[in-house]
Every structure is written in C-alpha cells, then in structure tokens.
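Peer 1:
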Amino acid sequence: MWIVEKILSNKIMNNNIFLKHLSSPSIFKDKKVLSSSFVPDQILHREQEIESLSKILAPALKGYQPNNIFVYGTVGTGKTITIKFILNQLKEIEKTKIKTIYINCKMKKVADTEYRLFAQLLKEHGVIVPDTGLPTDVLYRKFFDIVEKEEKIVIIVLDEIDALVNKVGDEFLYNLTRMNSELKRSQITIIGITNNLSFRDNLDLRVKSSLGEEEVLFKPYNALQLKDILKKRIEEGFNPGVVDEAVLNKCAAIAAQEHGDARRALDLIRVAAEIAERNGDIRVREEHVDIAEQKLDMDRVIETIKSQPKQSQAVLLAIVNSVCNGVCNNTKTVLTGDVFEAYQKICAKNNINVLTQRRISDLISELDMLGIITSKIISKGRYGRTREITLALSNEVLNKVRLVLQERFES
DNA sequence: AGGTATTCACATGAAACTATTCTCTGAGTTAGG
DNA sequence: TAACTCAGAGAATAGTTTCATGTGAATACCTGT
Numbered sequence: 001m002w003i004v005e006k007i008l009s010n011k012i013m014n015n016n017i018f019l020k021h022l023s024s025p026s027i028f029k030d031k032k033v034l035s036s037s038f039v040p041d042q043i044l045h046r047e048q049e050i051e052s053l054s055k056i057l058a059p060a061l062k063g064y065q066p067n068n069i070f071v072y073g074t075v076g077t078g079k080t081i082t083i084k085f086i087l088n089q090l091k092e093i094e095k096t097k098i099k100t101i102y103i104n105c106k107m108k109k110v111a112d113t114e115y116r117l118f119a120q121l122l123k124e125h126g127v128i129v130p131d132t133g134l135p136t137d138v139l140y141r142k143f144f145d146i147v148e149k150e151e152k153i154v155i156i157v158l159d160e161i162d163a164l165v166n167k168v169g170d171e172f173l174y175n176l177t178r179m180n181s182e183l184k185r186s187q188i189t190i191i192g193i194t195n196n197l198s199f200r201d202n203l204d205l206r207v208k209s210s211l212g213e214e215e216v217l218f219k220p221y222n223a224l225q226l227k228d229i230l231k232k233r234i235e236e237g238f239n240p241g242v243v244d245e246a247v248l249n250k251c252a253a254i255a256a257q258e259h260g261d262a263r264r265a266l267d268l269i270r271v272a273a274e275i276a277e278r279n280g281d282i283r284v285r286e287e288h289v290d291i292a293e294q295k296l297d298m299d300r301v302i303e304t305i306k307s308q309p310k311q312s313q314a315v316l317l318a319i320v321n322s323v324c325n326g327v328c329n330n331t332k333t334v335l336t337g338d339v340f341e342a343y344q345k346i347c348a349k350n351n352i353n354v355l356t357q358r359r360i361s362d363l364i365s366e367l368d369m370l371g372i373i374t375s376k377i378i379s380k381g382r383y384g385r386t387r388e389i390t391l392a393l394s395n396e397v398l399n400k401v402r403l404v405l406q407e408r409f410e411s
C-alpha cells in the first residue's frame with residue numbers, strides 16, 4: 001500500500017481533499033467480479049448446458065471437427081459466459097490444434113458487417129487488413145488461406161449473430177459453413193449465440209441445415225438460482241458483512257421478474273454498492289438498491305440518447321415537445337404527422353436540413369426499438385393509418401432527457 | 001338496415017443515390033548511375 | 001532504370017431520397033326491404 005506509506009511519511013499534506021475518501025473503508029474487495037463480463041471459475045446452475053456443449057465440442061480434442069452449434073436463450077441467461085468458460089477449458093487442454101475465436105457481432109465498427117467480421121477474424125489470426133478499399137471476397141480468400149495453412153480446428157463463436165444476419169443477410173454464414181468442404185487440413189466450427197428464439201426460422205434453408213446441427217437452449221434463471229449466483233459473486237466481490245440477506249433477496253427478486261436476467265442482478269448490486277460507498281455507508285442497504293434501479297434505468301436512457309445521431313435527437317425532441325404541449329389535446333400520445341411538423345420547426349430554428357417524412361418514420365421506429373418511446377400502429381378509419389406514439393419514460397427521466405436535448409437544440 | 005366501396009395518412013419495401021474514406025494500379029516523373 | 005508521385009477506378013459504409021405498393025377501418029354510397 002504505497003499510498004498509506006506516503007501518508008505516513010507525511011509526503012502528503014493531511015488536508016488533502018482526497019484523504020477522507022481514502023480513509024473510509026472500501027465496500028468492495030474485488031470489483032471486477034461484479035461486472036457482468038467477468039468469467040468466474042465456476043458457473044452455477046448451468047451444469048446441463050455445459051455438459052451438452054462439452055459433449056458436442058469434445059471431438060475437437062481428438063482432431064475431428066465438432067458440429068456447428070446454435071445457442072439460444074434470453075438476455076442474462078449466461079450464454080456468453082458459459083461459452084467463454086468452455087472455450088477456456090478447452091484451451092487449457094489443447095492449445096496447439098484448436099483455435100478459438102470469440103466475436104460479438106453487435107459491436108459497432110468491429111464486426112457489424114460481413115467485411116468487418118472477416119477483418120476481425122483475420123485480426124485474430126494476426127493479419128491486419130484496411131478498414132475499407134478492399135473487396136470483401138479478398139478478405140474471404142485471405143481468411144481461407146490462413147486457416148488452411150494453420151492446420152487447426154477453428155471454433156468461431158458469433159455472439160448476437162442475429163444482429164448481423166438481420167443487417168447483412170445470412171449469405172456469410174453459408175460461405176463460412178461451405179468453407180469446410182473446401183478446407184483440406186483445417187476445419188471450422190461455428191457457434192452462433194442469439195437471444196432471439198425464432199431466429200433460426202427465418203434463415204436460408206441451406207444455412208439452417210448446416211449451422212443448426214446442434215442446439216442448446218438456455219432457460220432463464222429462477223429467483224433461487226439467481227440468489228445463488230449473486231451470493232457467490234458477493235462473497236468474492238465484497239468485503240464480508242457488507243451486503244446482507246435482504247439486499248441479496250431484493251436484487252434476485254427484481255432480476256427474476258425481468259425474465260431471470262443475471263446481468264441485471266449484478267448491475268443492481270454493483271451500482272447499489274457504489275451508491276452506498278459514495279454516501280459513506282459501510283453496508284449496502286435496500287434503499288440503495290431502489291436508487292440503483294432508478295439510476296440504471298436513467299443512465300441507460302440518457303446514454304442511448306446521447307449516442308444517437310443529431311437527426312434522431314431532433315426527432316426525439318420533436319416527440320417530447322409535442323407530447324408535452326399536448327398536441328393531441330391532453331392525451332399523452334402523438335401521431336407521426338404531428339411529430340414531423342414539430343420536427344420541421346426544430347430544423348428551421350437550428351439550421352438543420354430537413355429529412356423526408358419517410359426517413360422520419362424510420363427514425364421513429366428506431367427510437368421505439370431502443371425503448372425510449374412506445375409506438376403502435378393504429379388505423380383511424382377514414383382518417384388514415386398512422387403510428388400512435390407515447391413516451392416510455394418516467395417523469396424524472398423525461399425531465400433529464402429534456403435537459404439533455406435542450407442543450408443541443410434551440411427550441 | 002345491411003352491405004360494399006372509398007379514402008385517408010401514413011407504413012413498409014426496394015432500389016438508387018450521395019458523400020466519405022480508403023486501396024490498388026498503372027502512367028508519368030524524377031533522380032541517380 | 002529504379003523509386004516516387006499522383007490521378008483514376010473501385011470498394012465499403014452510413015445515411016438518405018425516390019418510387020411503389022400496402023393497409024385497417026371509419027365513412028360514404030348503394031341496395032333492397
């Protein structure tokens with residue numbers, strides 16, 4: 001503890017403003033354990049899934065190509081973590097003949113297009129290709145050559161594969177699976193992870209048959225299982241006695257309600273603890289969890305809004321303005337047409353070029369997907385068919401959103 | 001009254017376009033031998 | 001003659017526009033009673 005030494009040796013003034021933060025005992029023992037991306041050395045309540053996955057992948061150890069796998073399960077059911085865990089175990093036994101690659105297809109600017117996916121795959125093999133300029137099939141060739149040269153069994157994990165397929169189609173999956181028949185000395189196995197249970201149904205038949213050779217379903221955790229998982233993480237992540245049973249129960253219960261999302265439970269407890277620590281409390285209490293729940297919600301919304309492009313923000317402001325001004329007399333809903341009008345006004349005031357209504361329509365449905373607004377299509381008979389838009393935000397969040405938006409626009 | 005046709009106000013889809021960033025290639029230019 | 005420069009052709013990508021087509025049900029319009 002070099003800081004303590006420094007303090008003792010009086011190298012730091014004893015009125016330094018940071019001193020009081022140092023002296024308060026830390027709640028955390030090892031904070032990274034509480035992050036949802038942490039892979040623990042033991043995964044609870046996934047014994048069955050681990051068993052079947054390892055059975056499928058075991059042939060790799062004997063030099064055969066394992067079947068391709070589809071992994072399903074809603075958010076926070078431990079899909080990613082389990083796969084990572086299994087890959088780690090696999091590598092522990094056999095490093096020379098097996099190569100594992102994990103790629104998250106949703107990562108912006110990393111693997112969200114076919115080109116970038118292959119660029120990423122190449123990068124994993126130590127080949128850097130330019131971001132643009134090359135035809136995609138060149139990357140495809142390069143990847144093929146490298147894999148062939150390596151003489152390994154390559155296990156490629158494509159997390160959130162549905163996002164990529166929705167964006168660019170399933171052609172690349174077909175190409176990847178087809179590679180195997182052309183590869184002589186190496187083989188590729190694909191593990192596709194998705195939280196969209198019906199994803200497989202709208203795949204090309206060829207892809208469906210070759211990729212869906214094996215399927216593993218991850219069921220949501222129930223409250224008891226969540227509690228176990230949390231408990232273990234708490235033991236590792238916090239100093240003893242910091243979190244009591246009631247808090248644990250509460251987090252598990254909230255997460256269980258949200259379709260057994262373990263990530264949610266972890267976020268809750270971590271943020272609750274951060275809040276407690278900042279307040280100078282040495283224990284995490286239930287009210288901290290309440291605040292954490294709100295804060296998580298708020299942060300999520302604000303973050304997504306801030307990261308939206310300007311036009312999208314303008315559209316959101318148009319929605320917020322129209323809803324708050326009660327365009328549709330005192331109801332809290334607005335229609336696409338109202339939004340477009342309000343949007344045009346905002347553009348005029350801010351000197352932004354006005355996009356077509358067609359585009360605005362898309363931007364509105366994007367905001368819907370992000371969960372910032374709720375919209376449903378209604379038919380008003382003779383008076384047309386349109387979207388009925390409602391803000392999906394609590395008043396508190398809404399006010400914050402307004403502040404953020406008004407910072408960016410004159411309105 | 002009951003049935004059918006219209007009509008509105010957008011939704012939704014597909015394709016094409018724009019602008020930006022970047023590679024590759026080959027022609028032209030330059031400097032050194 | 002090798003090395004360098006530079007313009008032009010192509011690609012990838014994101015964000016849009018243009019054009020075309022779809023659509024649910026309140027109303028207008030008929031029809032036969």
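When the letters of the first sequence are read in order and numbered with this note's numbering, they come out as residues 1 to 411. All C-beta atoms, glycine included, are put in the ideal place defined by N, C-alpha and C.
In the region 279–343, which residue ranges form an unbroken beta strand (DSSP E) of at least 3 residues, counting only runs that do not cross its ends?
Peer 2: Runs of the beta strand (DSSP E) inside the region 279–343: 333–335.
Peer 1: On the criterion of 16 or more Cβ atoms from any shown chain inside 10 Å, does residue 120 qualify as buried, or is it exposed?
Peer 2: With 16 or more Cβ atoms within 10 Å of its Cβ, residue 120 is classed as buried.
Peer 1: Cβ atoms of residue 184 and residue 150: under 9 Å apart, would you say?
Peer 2: For residue 150 and residue 184, no; Cβs fall outside 9 Å.
Peer 1: Can you grab the Cα-Cα spacing for the pair residue 402 / residue 154, in whole Å?
Peer 2: The alpha-carbon atoms of residue 402 and residue 154 are separated by roughly 49 Å.
Peer 1: Let me know the secondary structure DSSP gives residue 65 once reduced to three states.
Peer 2: Residue state, collapsed to three classes: coil.
Peer 1: In the DSSP assignment, find the alpha helix (DSSP H) that holds residue 82 and state where it starts and stops.
Peer 2: From DSSP, the alpha helix (DSSP H) with residue 82 extends over 79–93.
Peer 1: What is the DSSP secondary structure of residue 357, reduced to helix, strand or coil?
Peer 2: The answer is helix: DSSP assigns residue 357 an H, G or I state.
Peer 1: Between residue 321 and the rest of its own chain, which residues show a CB-CB distance below 7 Å, the 5 nearest in sequence each way excluded?
Peer 2: So the qualifying residues of the chain are 342, 411.
Peer 1: Tell me the start and end of each unbroken alpha helix (DSSP H) in the region 125–168 that is at least 4 residues and wholly inside, in chain order.
Peer 2: Counting whole runs of 4 or more residues, the region 125–168 contains the alpha helix (DSSP H) stretches 136–150, 161–168.
Peer 1: Taking the alpha-carbon of residue 223 as reference, which of 77, 82, 276 has the nearest alpha-carbon?
Peer 2: The shortest Cα separation from residue 223 among 77, 82, 276 belongs to 77.
Peer 1: Just to confirm, are residue 70 and residue 200 a CB contact at a threshold of 9 Å?
Peer 2: Closer than 9 Å, so yes.
Peer 1: Using 8 Å for Cβ pairs, my map puts residue 56 next to residue 66. What's the rounded Cβ distance?
Peer 2: Yes, they are in contact, since the Cβ atoms of residue 56 and residue 66 sit about 6 Å apart, within 8 Å.
Peer 1: Between the C-alpha atoms of residue 328 and residue 357, what's the straight-line distance to the nearest angstrom?
Peer 2: Note that residue 328 has pLDDT 45, beneath the 50 cutoff, so the model's placement of it is unreliable and the number below is only indicative. Those two C-alpha atoms are separated by around 19 Å.
Peer 1: With DSSP as the reference, label residue 233 as helix, strand or coil.
Peer 2: DSSP places residue 233 in helix when its eight states are reduced to three.
Peer 1: Can you name the start and end residues of the alpha helix (DSSP H) that residue 46 belongs to?
Peer 2: Taken as a continuous stretch (DSSP letters only), residue 46 belongs to no alpha helix (DSSP H), as it is neither H nor E.
Peer 1: Residue 194 by DSSP, collapsed to three states: which one?
Peer 2: DSSP places residue 194 in strand when its eight states are reduced to three.
Peer 1: Are the CB atoms of residue 118 and residue 142 within a distance shorter than 9 Å?
Peer 2: Their beta carbons are under 9 Å apart, which means residue 142 touches residue 118 by this criterion.
Peer 1: Any chance the region 99–115 sits against the region 227–235, with 3 or more Cβ pairs inside 8 Å?
Peer 2: Counting Cβ pairs under 8 Å, fewer than three are found: no touch.
Peer 1: Check each candidate in 367, 261, 32 and name the one with the smallest Cα separation from residue 220.
Peer 2: Closest option to residue 220, Cα to Cα, is 261.
Peer 1: Rank 394, 317, 390, 233 by C-alpha distance to the C-alpha of residue 32 and give the top, closest one.
Peer 2: Measuring from the Cα of residue 32, the nearest candidate turns out to be 233.
Peer 1: Cβ of residue 293 within 9 Å of Cβ of residue 268?
Peer 2: Result yes, Cβ atoms of residue 293 and residue 268 sit closer than 9 Å.
Peer 1: Is it right to say residue 313 is buried, meaning 16 or more other beta carbons lie within 10 angstroms of its own, or is it exposed?
Peer 2: Buried: at least 16 other Cβ atoms inside 10 Å.
Peer 1: From residue 289 to residue 251, what does the alpha carbon distance come to, in whole angstroms?
Peer 2: Using only the alpha carbons, I get a separation of about 7 Å.
Peer 1: Near residue 157, what residues of its chain come up, given a Cβ to Cβ distance below 6 Å and the 5 sequence neighbours on each side ignored?
Peer 2: Contacts found: 83, 102, 191.
Peer 1: DSSP on residue 387, reduced to helix/strand/coil?
Peer 2: Three-state DSSP puts residue 387 in a strand.
Peer 1: Using a Cβ-Cβ cutoff of less than 6 Å, which residues in the same chain neighbour residue 255 once the five nearest sequence positions on both sides are dropped?
Peer 2: Excluding positions up to five away in sequence, the list reads 226, 261, 264, 265.
Peer 1: Kindly list the residues whose CB is nearer than 7 Å to the CB of residue 132, restricted to its own chain and excluding five residues on each side of it in sequence; keep chain order.
Peer 2: Cβ neighbours of residue 132 beyond the five flanking positions: none.
Peer 1: Who are the near neighbours of residue 243 in its chain, counting only those whose CB is closer than 6 Å to its CB and skipping five residues on each side?
Peer 2: Once the five neighbours on either side are set aside, the close Cβ partners of residue 243 are 234, 284.
Peer 1: How about residue 203 and residue 165: do their beta carbons lie closer than 9 Å?
Peer 2: Against a cut-off of 9 Å, the Cβ pair of residue 165 and residue 203 comes out as a contact.
Peer 1: State the DSSP-derived secondary structure class of residue 428, mapped to helix, strand or coil.
Peer 2: Examination of residue 428 is not possible in this model, given that the chain is present from 1 through 411 alone.
Peer 1: Could you check the C-alpha separation between residue 301 and residue 397 for me, to the nearest Å?
Peer 2: Going from the Cα of residue 301 to the Cα of residue 397 covers about 8 Å.
Peer 1: So the beta strand (DSSP E) residue 103 belongs to, where does it begin and stop?
Peer 2: Segment 98–104, the beta strand (DSSP E) holding residue 103.
Peer 1: Measure the beta-carbon distance from residue 34 to residue 270 and round it to whole angstroms, keeping in mind my assumption that it falls under 8 Å.
Peer 2: Indeed, because the Cβ distance is near 4 Å, the residues count as touching under 8 Å.
Peer 1: Which first and last residues belong to the beta strand (DSSP E) in which residue 217 is found?
Peer 2: Run containing residue 217: 214–218, per the beta strand (DSSP E) assignment.
Peer 1: Checking 9 Å against the spacing of the C-beta atoms, do residue 62 and residue 96 come in under that value?
Peer 2: The answer is no: Cβ separation not under 9 Å.
Peer 1: Excluding the 5 residues preceding and the 5 following residue 239 in the sequence, name in chain order all residues of the same chain whose CB lies nearer than 6 Å to its CB.
Peer 2: Same-chain partners within the cutoff: 29.
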